[in-house]
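First up is the structure itself, then whatever we jot down about it.
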Amino acid sequence: MVLSAGNSTRFGYPVKKQWLRIGTKPLWLYVADRLNSFYGFKKTVITANKNDVRLYEKLCDYTIIEGADERQFSLKNALNHVNTEYVMVTDVARACVPKEVVLSLIENPAECTVPYLKPVDTVVYENRTINRDEVKLIQTPQLSRTQTLKKAIQTDRLFTDERALIEYAGGEVKYIPGSEESKKITYFKDLNLSCLKPPKKLFLTGSGYDTHAFEKGKKMFLGGVEIDAEFGFKAHSDGDVAIHSLIDALLGSAGFGDIGEFFPDTDEKYKNISSVTLLKEVLNTLTYTGYEIVNADITIIAQKPRLKNYKTKIQRNLSEILNAPVNVKATTNEKMGFVGRGEGVAVLSSATLTYKDWYEDYNR
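If you want this note's numbering, it's the 1-based position in the sequence shown plus 6.
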């Protein structure tokens with residue numbers, strides 16, 4: 007079980023630590039795949055922030071469970087999907103756990119088996135020096151008997167790990183040597199470059215296409231710019247067909263699906279919403295999941311209204327929102343089809359993303 011539902015607030019970087027790209031994989035997937043390469047686990051369960059569950063599911067075949075703000079509640083949710091005799095639980099922040107630690111845990115089963123380090127510095131507690139030989143620095147992963155852990159977790163009291171839960175419930179805890187390689191990533195400076203490789207320098211391109219029919223008595227927006235016209239677009243939102251197409255291109259580049267999955271037209275909170283608001287929400291998602299926008303290209307196909315005097319405004323507005331180059335083209339449909347008959351507008355878009363290079367930022 008990989009716990010990765012945290013908000014990464016202390017990490018101090020635009021990308022959430024669980025979404026740092028290791029090669030092409032986000033950290034949460036890298037950790038899960040790495041552990042599975044060490045041992046033939048029967049099942050892998052990963053907890054995710056509620057906003058990320060669908061995104062996780064698009065990238066793997068593991069069991070993805072909605073987590074919670076508190077680690078213990080995430081663990082409790084995930085345990086409902088575990089039916090093996092033992093469960094090994096780790097935090098995504100411990101990305102470089104060595105194979106020998108994982109195998110040692112499996113070879114030393116108990117109600118809870120825990121890796122630890124001995125402190126090498128003098129230890130002071132409440133201004134008094136204590137015997138450091140009696141101090142243990144606890145790590146994950148930890149191996150627990152599933153039924154023991156499920157019983158122990160039925161408490162309102164919060165604990166920091168499985169060991170503390172099982173110890174509080176009176177269960178047996180066995181300690182084994184841990185590893186310096188299992189250092190926990192809390193802050194950006196904590197990244198362990200011994201096993202974490204930089205993101206691949208790739209360009210990821212996606213395409214988008216959208217159409218909307220005209221609707222009288224509604225304001226028209228294209229690319230976030232109000233267009234002087236006698237009609238707007240028939241849509242659940244404000245109907246900005248250019249932004250809708252662009253959103254699909256951006257989501258396609260990231261492999262995150264389409265605009266309907268993010269903003270379903272059956273949800274009343276999106277009724278008449280500004281498409282600029284939707285675009286900014288998508289950009290926020292792309293940022294914290296580890297992407298940067300390289301550029302975008304948009305073709306607006308419209309018999310009417312005439313867009314000659316709006317192309318530059320749309321281009322500048324979208325470039326400012328994306329903080330990246332955007333090219334906007336406009337053409338007619340030579341009076342063919344629904345666009346040619348003046349019944350609506352169609353838009354084609356393409357967008358290119360790349361992975362945020364955290365490795366380069368770390369080494370500056």
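Virtual Cβ for every residue (Gly too), placed ideally from N, Cα, C.
Buried or exposed, going by whether 16 or more other CB atoms sit within 10 Å of the CB of residue i?
| i | result |
| --- | --- |
| Glu117 | buried |
| Ile136 | exposed |
| His218 | buried |
| Asn89 | exposed |
| Pro147 | buried |
| Gly184 | buried |
| Phe220 | buried |
Round the Cβ separation of residue i and residue j to the nearest angstrom and send it over; I've been treating them as touching at under 8 Å.
| i | j | result |
| --- | --- | --- |
| Glu287 | Thr360 | Incorrect: roughly 21 Å between the Cβ atoms, too far for contact. |
| Ile265 | Ile253 | 5 Å |
| Leu228 | Ile320 | 6 Å |
| Val247 | Val351 | 5 Å |
| Ala255 | Ser213 | 6 Å |
| Val345 | Gln309 | 6 Å |
| Gly258 | Leu324 | Incorrect: roughly 17 Å between the Cβ atoms, too far for contact. |
| Ile182 | Asn83 | Going by Cβ atoms, the distance from Ile182 to Asn83 rounds to 28 Å, so no, they are not a contact pair. |
| Val108 | Tyr45 | 6 Å |
Go to residue i, then tell me how far its alpha helix (DSSP H) extends in each direction, as first and last residue.
| i | result |
| --- | --- |
| Glu267 | 265 to 268 |
| Ala302 | Unbroken run through Ala302 is the beta strand (DSSP E), 297 to 307; no alpha helix (DSSP H). |
| Glu221 | Element bounds for Glu221: not the alpha helix (DSSP H) but the beta strand (DSSP E), 210 to 222. |
| Asp97 | Taken as a continuous stretch (DSSP letters only), Asp97 belongs to no alpha helix (DSSP H), being part of the beta strand (DSSP E) at 92 to 97. |
| Tyr174 | 168 to 174 |
| Ala158 | 152 to 158 |
| Gly346 | 343 to 346 |
| Glu72 | Looking at the DSSP string, Glu72 is not in any alpha helix (DSSP H); the run it does join, the beta strand (DSSP E), is 69 to 72. |
| Ala38 | 33 to 44 |
| Arg134 | Taken as a continuous stretch (DSSP letters only), Arg134 belongs to no alpha helix (DSSP H), being part of the beta strand (DSSP E) at 134 to 136. |
| Ile320 | 317 to 328 |
| Ile112 | 105 to 113 |
Nearest CA to the CA of residue i: which residue from the options?
| i | options | result |
| --- | --- | --- |
| Leu81 | Asp139, Phe17, Leu9 | Leu9 |
| Leu292 | Asp127, Phe17, Val21 | Val21 |
| Leu61 | Ala336, Phe262, Val282 | Phe262 |
| Tyr122 | Lys156, Gln160, Leu202, Asp167 | Asp167 |
| Leu41 | Gly18, Val59, Tyr68 | Tyr68 |
| Val300 | Thr211, Lys142, Ser243 | Thr211 |
| Ala38 | Thr338, Ile70, Glu236, Ile320 | Ile70 |
| Phe1 | Asp234, Pro311, Asp58, Val231 | Coverage of the chain is limited to positions 7 through 370, which leaves residue 1 absent and any answer about it impossible. |
| Ile233 | Gly12, Thr318, Arg138 | Thr318 |
| Tyr365 | Ser14, Ala11, Lys23 | Lys23 |
| Lys240 | Asn114, Phe209, Glu349 | Glu349 |
| Tyr368 | Ala336, Leu26, Glu72 | Leu26 |
| Arg151 | Tyr294, Leu111, Glu140, Ser355 | Leu111 |
| Glu76 | Phe47, Ser43, Ser14 | Ser14 |
| Met407 | Tyr215, Gly245, Lys275, Thr337 | Any answer about residue 407 is impossible in this case: the structure gives the chain only from 7 up to 370. |
How about residue i: is its Cβ closer than 7 Å to a heavy atom in the ligand NAP?
| i | result |
| --- | --- |
| Arg60 | Inclusion of the ligand NAP in the displayed structure is not the case, the ligand content being empty and no account of it being possible. |
Over the uninterrupted beta strand (DSSP E) stretch that includes residue i, give me the two end residues.
| i | result |
| --- | --- |
| Ser4 | What is shown of the chain runs 7 to 370, which leaves residue 4 out entirely. |
| Phe262 | Counting along the chain, Phe262 falls outside any beta strand (DSSP E), and DSSP gives it neither H nor E. |
| Arg77 | That residue, Arg77, is in no beta strand (DSSP E); its alpha helix (DSSP H) goes 77 to 85. |
| Thr30 | Here Thr30 belongs to no beta strand (DSSP E), and DSSP marks it neither H nor E. |
Assess, as a yes-or-no matter, whether the region 26 to 35 is touched by the region 53 to 71 under the definition of 3 or more beta carbon pairs within less than 8 Å. These segments touch.
The region 171 to 179 touching the region 112 to 128, judged by at least three CB pairs closer than 8 Å: The region 171 to 179 is in contact with the region 112 to 128.
Do three or more CB pairs link the region 90 to 107 to the region 188 to 206 at distances below 8 Å? Proximity of the region 90 to 107 to the region 188 to 206 meets the contact definition, three or more beta-carbon pairs being nearer than 8 Å.
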